[in-house]
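Heads up: the sequence shown begins at 0 in numbering that gives the first Met the number 0, then just goes up one per residue. Where is the CB? At the ideal position from N, CA and C, for every residue including glycine. Quick caveat: nothing in here was measured; it's all calculated off a predicted structure. Report on the structure given below.
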Amino acid sequence: MLVFAAETSCDETSICLMKNNSIVEHITFSQEIHKMHGGVVPELASRSHLEKIQIITNDLFNNKKIDPKEIDVFTATCGPGLIGSLLVGSTFAKSLAISFNKPFIPINHLEGHILSTSFNNNIKFPNLILLLTGGHTHVYLMKSENEIELLGESLDDAIGEAFDKTAKLIGLPYPGGSEIEREAINGNENKFILPKPLIKEKNFNFSFSGIKTHINLLTKKNRIDKEFVRDLSASFQKNITEILIEKIEKGLERLKSTNVDIKSLSVVGGVSNNKYIKNKIESFFINKNIEIYYPLKEMMTDNAAMIAWACYKNYNINKQDIYFKPKSKMMVNNKLN
Ligand code: KG4
Ligand code: ZN
0 MLVFAAETSC
10 DETSICLMKN
20 NSIVEHITFS
30 QEIHKMHGGV
40 VPELASRSHL
50 EKIQIITNDL
60 FNNKKIDPKE
70 IDVFTATCGP
80 GLIGSLLVGS
90 TFAKSLAISF
100 NKPFIPINHL
110 EGHILSTSFN
120 NNIKFPNLIL
130 LLTGGHTHVY
140 LMKSENEIEL
150 LGESLDDAIG
160 EAFDKTAKLI
170 GLPYPGGSEI
180 EREAINGNEN
190 KFILPKPLIK
200 EKNFNFSFSG
210 IKTHINLLTK
220 KNRIDKEFVR
230 DLSASFQKNI
240 TEILIEKIEK
250 GLERLKSTNV
260 DIKSLSVVGG
270 VSNNKYIKNK
280 IESFFINKNI
290 EIYYPLKEMM
300 TDNAAMIAWA
310 CYKNYNINKQ
320 DIYFKPKSKM
330 MVNNKLN
């Protein structure tokens, strides 16, 4: 089965051709235009998708000498995301489907991230999923491929958003996550003590917006020089990581008390690029008999390959339903729709 996927939910214009379980071609264009504004400007994002999507699709067909008629299914991210941006990719893929008389499958962006580690790993169930992106911080329990339950989430800012907003406060460019990681390497992570909201609660809910407020105050009290930026980046990154780990620890205990013995952990979404967070999570899980999975590098930040993969998985599950929304338990969970 040859799948064409488009992902344009935020500021990446991405398309992918996937044949069964291998990527034939994957092109992702990251929009630079938002850098000068310190965050994604929705109107500019939609316009940039419009400019780019047809160009990279032509490149994709030409590079691989593929006749679009050979494609079996067209798919695209249909939500959640910026509505103008979503409309570009989904309308584009839908139009191709109509013109080649092939089915179109709408995919939920979060489902793309959630299923991304199953592309390159044999998942051991029950699997705990940490979805860490610029728009969401969700924890899921995946009992089997079709049974996915939302256990907790951030009640305010998403973790990636906390990175981006902190970066902006200390004068680093957007997107701030990788910038903070880079600055933190040479910083003193014990310099600033930052708050850990909701840390005492034995659940998987998070709150990050108070940390940003605290950092805002620090920027008023200190001179924002190189040393401050490095130390604050390191302290922030350490604090966020400790929150993640403490919450996982408490959440695992709670799951155990309800007879759910987690066998593996998936860390997905843009923030899973962060090596410091990965190393700390890996050290925490050493000798705990829990496998840790990450997506392929090209499936971490927003991308069409994870959308093609989610489509492929659902198409296999339920061939007769290809004209409808993919059926899996997570879709029943209304938080995902
Ligand atoms: O999954 P993603 O590409 O888009 C959404 O679905 O939101 O995640 C983007 C987020 C941004 O907030 C970005 O700053 C963050 O992922 N990010 C990182 C790193 N690389 C990307 N955060 C921390 N450390 C990184 N190395
Ligand atoms: Zn995403």
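Check: Going straight from the alpha carbon of Ile106 to that of Lys220, what length do you get?
Finding: Roughly 46 angstroms separates the two Cα atoms.
Next item on the list: With distances taken Cα to Cα, identify the nearest neighbour of Leu251 among Thr74, Phe3, Asn273 and Lys201.
Entry: The residue with the shortest Cα to Cα distance from Leu251 is Lys201.
Check: Using a threshold of 7 angstroms, is the CB atom of His25 nearer than that to any non-hydrogen atom of the ligand ZN?
Finding: No, the beta carbon of His25 sits no closer than 7 angstroms to any heavy atom of the ligand ZN.
Note to self: Under 7 angstroms: does the beta carbon of Gly269 sit that close to some heavy atom of the ligand KG4?
What the structure shows: Under cutoff, so the answer is yes.
Checklist line | Cβ-based burial, Ile97 [other Cβ within 10 Å; buried from 16] | finding: Per the 10 Å Cβ criterion, exposed.
Item checked: Cβ shell of Glu241 (< 6 angstroms), same chain only, five flanking positions each side left out -> Nothing meets the Cβ criterion.
Margin query: Using a 10 Å radius around the Cβ and a threshold of 16 neighbouring Cβ atoms, would you call Met35 buried or exposed?
Written below: Per the 10 Å Cβ criterion, exposed.
Note to self: At a cut-off of 7 angstroms, would you count His36 as near the ligand MN, judging by its Cβ distance to the nearest heavy atom?
What the structure shows: Judged by which ligands are present, the ligand MN is missing from the structure shown, whose ligands are the ligand KG4 and the ligand ZN.
Notebook entry, point to check: If you count every other CB in all the chains shown that lies within 10 Å of the CB of Gln319, and 16 or more means buried, which is it?
Noted result: Confidence is the limiting factor: at Gln319 the pLDDT is only 45, short of 50, which leaves the residue's position unreliable and the question unanswerable from this model.
Checklist line | Contact belief for Val76 with Ser89 at Cβ below 8 angstroms, rounded distance in angstroms | finding: As written in the sequence, residue 76 is Thr, which differs from the Val given in the question. That pair is a contact at about 7 angstroms.
Next item on the list: List the endpoints of the continuous alpha helix (DSSP H) containing Gly80.
Entry: Segment: none, Gly80 is in no alpha helix (DSSP H) and carries neither H nor E.
Checklist line | Rounded separation between Glu11 and Ala44 - CA only | finding: Rounded to the nearest angstrom, the two C-alpha atoms are 8 angstroms apart.
Checklist line | Coil, strand or helix - Ala4 by DSSP | finding: In the structure shown, Ala4 sits in a strand (DSSP, three-state: E or B).
Check: Grouping DSSP H, G and I as helix and E and B as strand, with all else coil, what is Glu146?
Finding: Strand at Glu146.
Next item on the list: Would you kindly work out how many angstroms separate the C-alpha atoms of Ser208 and Lys167, rounded to a whole number?
Entry: Each residue's Cα considered, the two are about 14 angstroms apart.
Checklist line | For Ile291: DSSP bridge partner residues | finding: In the DSSP output, where bridge partners are listed per residue, Ile291 has Leu264.
Check: According to DSSP, is Phe227 helix, strand or coil?
Finding: Three-state DSSP puts Phe227 in a helix.
Item checked: DSSP three-state assignment for Ser206, whether helix, strand or coil -> Assigned with DSSP and collapsed to three states, Ser206 falls in coil, not helix or strand.
Next item on the list: For my contact list, Ser263 and Pro294 are in at a C-beta cut-off of 8 angstroms; report their separation, rounded to the angstrom.
Entry: Their Cβ separation, rounded to whole angstroms, is 14 angstroms, which puts Ser263 and Pro294 out of contact at 8 angstroms.
Next item on the list: May I have the straight-line CA-CA distance separating Lys326 from Gly78, to the nearest angstrom?
Entry: Confidence in Lys326 is poor, its pLDDT being 42 and thus under 50, which makes the residue's placement too unreliable to answer from.
Next item on the list: Compute the Euclidean distance between the alpha carbons of Asp66 and Asn20, then round it to the nearest angstrom.
Entry: Rounded to the nearest angstrom, the two C-alpha atoms are 20 angstroms apart.
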